[in-house]
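S.K.:
Numbering (the UniProt record's numbering), first residue to last: 1 to 67.
(1) Compute the distance between the beta-carbons of residue 52 and residue 19, then report whether it is under 8 Å.
(2) Applying the 10 Å Cβ sphere with the 16-neighbour rule, what's the burial state of residue 119?
(3) Suppose contacts are defined by Cβ-Cβ distances below 8 Å. Is residue 56 in contact with residue 28 by that definition?
(4) Once DSSP output is grouped into helix, strand and coil, what is the label at residue 33?
(5) Leaving aside the five residues before and after residue 54 along the sequence, list all residues of the same chain whose C-beta is less than 8 Å from its C-beta, in chain order.
(6) By a C-beta neighbour count over all protein chains shown, 10 Å radius and 16 as the cutoff for buried, is residue 59 buried or exposed?
(7) Could you give the distance in angstroms between the alpha-carbon of residue 61 and the alpha-carbon of residue 40?
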């Protein structure tokens, strides 16, 4: 019996990657913000952590709407 061909990307795979990728992207955007506006922002931890938190929230909203 030959195995059934599997789809290349499943919806669960994409949602799993989004759950990891968006918080990392948010943190990277926070780092970029701190590096470009280093005199405007007092504590860089807030920018990086806030970006990661926003990325996590966006990932949760996308998972909720698609899943």
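C-beta atoms are modelled at their ideal positions from N, C-alpha and C, and glycine is treated no differently.
M.R.: Working from what's here:
(1) Taking the C-beta atoms as reference points, residue 19 is found no nearer than 8 Å to residue 52.
(2) In the structure as shown, the chain begins at 1 and stops at 67. Residue 119 is therefore absent and cannot be evaluated.
(3) no
(4) Reduced to three states, the DSSP call for residue 33 is helix.
(5) 26
(6) buried
(7) Taking the straight line joining both Cα atoms gives about 30 Å.
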